[in-house]
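Numbered by the working numbering, the letters in the sequence shown go through residues 1389 to 1619 in order. Where is the CB? At the ideal position from N, CA and C, for every residue including glycine. Predicted model, so just to flag it, every value in this text is computed and none were measured. Scroll down for the structure; my scribbles are underneath it.
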Amino acid sequence: MSKIEIRNHPKFPNVFISGPQDKLKLYTKNVVIGKRIYGERLINHRGIEYREWDPFRSKIAALILGNPMTNFLAENLKCLYLGASSGTSISHLSDIIQSGIIYGVEFAERSMRQLLQNTSDRTNIIPILGDARFPEEYSRNIFTEIDFIYQDVAQPNQAEIALSNCNYYLKDDGILIIAIKSQSIDSLQKSEHIYDQEKKILEKSGYSVIESVNIHKYAANHIILVVKKSI
Ligand SMILES: C[S@@+](CC[C@H](N)C(=O)[O-])C[C@H]1O[C@@H](n2cnc3c(N)ncnc32)[C@H](O)[C@@H]1O
């Protein structure tokens, strides 16, 4: 039995914390008892198994530690996750979104194989081998409206990829969260210039950037944008 005191996150449902504010650790309740996805620590606290959520491995964890104003998580979310990779972050979302569903799009076959191995026993993840640049190609796999799009594809045209998926799938009051990696867009330009450029592309297409959270502490040259459709 662990001596760590785990408590509810004050804002995000099904996210748990331990430690003082300046050294906060994040956890989710493991829905597949005993199984690790990326070597994360498992902790048994009062008969419940938690998985430590590493902000150096998961940008959503880094975002939560950045204390965003927007509460983008809910137990029943219908989520489209672009750039699912081998399942690190999507598995924590799967612990959180207990009565919702997550469609995880990934185009690299090797990552998809790992994703399938890592998450086959999680019934709320639907893995889709597809290319996020062509959202219409996976429309037959998506059979609900989407409340939340999370994108982490590290591609040169990140804003355009997000927009085409939002225009295709996102509900009018839905939320887009996009991890922008400046080095993937242009390694010669200053990061701040690239972040502004991506924000402008989103805003010109009828979206509002509600907040921008710098996660450089955990992921070099990254910010995260929280975006909504402008009404
Ligand atoms: C930085 S990793 C994502 C890490 C993941 N979000 C996590 O936290 O566990 C980026 C992933 O996006 C995938 N990717 C890049 N471009 C893509 C595209 N056009 N369509 C689908 N997946 C793409 C890559 O293969 C890679 O697995």
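**OP:** May I ask you to list the residues that DSSP assigns as paired with residue 1602?
**Re:** 1611
Subject >> Own chain partners of residue 1457 with C-beta closer than 7 Å, once the 5 adjacent residues on each side are dropped >> reply: 1599
**OP:** Report the rounded CA-to-CA distance for residue 1407 versus residue 1393, giving the unit in angstroms.
**Re:** 8 Å
**OP:** Run the proximity test for residue 1446: is its beta-carbon closer than 6 Å to any non-hydrogen atom belonging to ligand 1?
**Re:** yes
**OP:** Consult DSSP for residue 1501 and reduce its assignment to one of helix, strand or coil.
**Re:** helix
Subject >> residue 1440 in three-state terms, based on DSSP >> reply: strand
Subject >> the stretch 1500 to 1507 touching the stretch 1531 to 1538, judged by at least three CB pairs closer than 8 Å >> reply: no
**OP:** For residue 1576, count neighbouring C-beta atoms within 10 Å of its own C-beta (all shown protein chains included) and say buried if the count is 16 or more, exposed if not.
**Re:** exposed
Original post:
Which residues in the same chain have their Cβ closer than 6 Å to the Cβ of residue 1412, if we skip the five residues on either side of it in sequence?
Top reply: 1405
Original post:
Going by Cα to Cα distance, which pick from 1436, 1455, 1428, 1590 is closest to residue 1442?
Top reply: 1428
Original post:
Ends of the alpha helix (DSSP H) at residue 1397?
Top reply: From DSSP, residue 1397 is part of no alpha helix (DSSP H); its letter is neither H nor E.
Original post:
At a cut-off of 6 Å, is residue 1471 close to ligand 1 when judged by its beta-carbon and the heavy atoms of the ligand?
Top reply: yes
**OP:** Would you mind sorting residue 1434 into buried or exposed? The rule is 16 or more other CB atoms within 10 Å of its CB.
**Re:** exposed
Subject >> Nearest-angstrom beta carbon gap, residue 1478 and residue 1507 [assumed within contact, 8 Å] >> reply: 7 Å
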